[in-house]
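Here is the structure we will look at.
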Amino acid sequence: MSGGALKLRDVRKLAETRAAFDFELPVAELPGLPVELLAGDGRVQVQLRFGREQGFAIAEVQLRARLQVICQRCMGPMPLAVETSSPVLVVESEREAEEAPAGWETFLAPEGRLSLAALAAEELLLAVPIVPLHGADSPCTPTAARANPAAAQQAGTAPDNASARPFADLRALLERGGKDTK
Ligand SMILES: [Zn+2]
Numbered sequence: 001m002s003g004g005a006l007k008l009r010d011v012r013k014l015a016e017t018r019a020a021f022d023f024e025l026p027v028a029e030l031p032g033l034p035v036e037l038l039a040g041d042g043r044v045q046v047q048l049r050f051g052r053e054q055g056f057a058i059a060e061v062q063l064r065a066r067l068q069v070i071c072q073r074c075m076g077p078m079p080l081a082v083e084t085s086s087p088v089l090v091v092e093s094e095r096e097a098e099e100a101p102a103g104w105e106t107f108l109a110p111e112g113r114l115s116l117a118a119l120a121a122e123e124l125l126l127a128v129p130i131v132p133l134h135g136a137d138s139p140c141t142p143t144a145a146r147a148n149p150a151a152a153q154q155a156g157t158a159p160d161n162a163s164a165r166p167f168a169d170l171r172a173l174l175e176r177g178g179k180d181t182k
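Residue numbering for the sequence shown is 1 to 182, as defined by the numbering used here.
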């Protein structure tokens, strides 16, 4: 089915025939996913139900996936189960997206064509946390934390600061160094 999932299909036809699809494919075959999500051999089960509502083509997208992501605290591997189900309004242009009723998630299908894989990929991305972190049920990998003390130190702080910190430390070091040589 993976070849069929990548095929471009006519949205109006999908909506009018209330097309339904059930398939499974490797996460690596979903287009446009960041490389962080492609580690391991995760697979995603996809259920799509097309239809029409208020004149718009809609798709009910159901996903179930077991992924392997990288914890941004200890940089160790972390299994991530994703289960999501949401209605999506399929639009053919940015203009149509603006006219969409409020509260709907939209998916842009240029020229009224979409691939099932692209639709599934976008929904999967929305369901995955931007900064995955180990939780109470699966604590951080101690060895990985030791190997990366900076990451371990940042445990509990906002991960957004992680990239700024090394430079702050470096500047402090440089300033100290400058004074010492005087
Ligand atoms: Zn962790």
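The beta-carbon is built from N, C-alpha and C at its ideal position, and this holds for glycine as well. As the structure is a prediction and not an experimental result, all values here were calculated from the model.
Check, Outcome
"V128 versus E111 - alpha carbon distance", "28 Å"
"Ligand 1 heavy atom lying under 7 Å from the CB of L133", "yes"
"Beta bridge counterpart(s) of I70 as assigned by DSSP", "P77"
"Three-pair Cβ contact test at 8 Å for the stretch 13-27 versus the stretch 43-50", "yes"
"Opening and closing residue of the beta strand (DSSP E) in which L48 lies", "R43 to E53"
"Residue-chain proximity (A65, chain C), Cβ-Cβ < 8 Å", "Considering every chain present, this structure includes no chain C. It has just one protein chain."
"Selected residue, minimal CA-CA separation from L8, among A117, A136, A102 and A59", "A117"
"CB contact flag (V11, A120, <8 Å)", "no"
"Cβ-based neighbour list, V82, same chain, cut-off 6 Å, excluding 5 preceding and 5 following", "A65 and A127"
"Rounded straight-line distance, which links the Cα of R113 to that of C71", "36 Å"
"Buried or exposed by the 16-neighbour rule on C-beta atoms within 10 Å, applied to E184", "Any question about residue 184 goes unanswered here, given that the chain covers just 1 to 182."
"According to DSSP, residues forming a beta bridge with R113", "D10"
"E134 versus A5 - alpha carbon distance", "Glu is not the amino acid found at residue 134; the sequence shown has His there. Straight-line Cα distance between these residues: approximately 32 Å."
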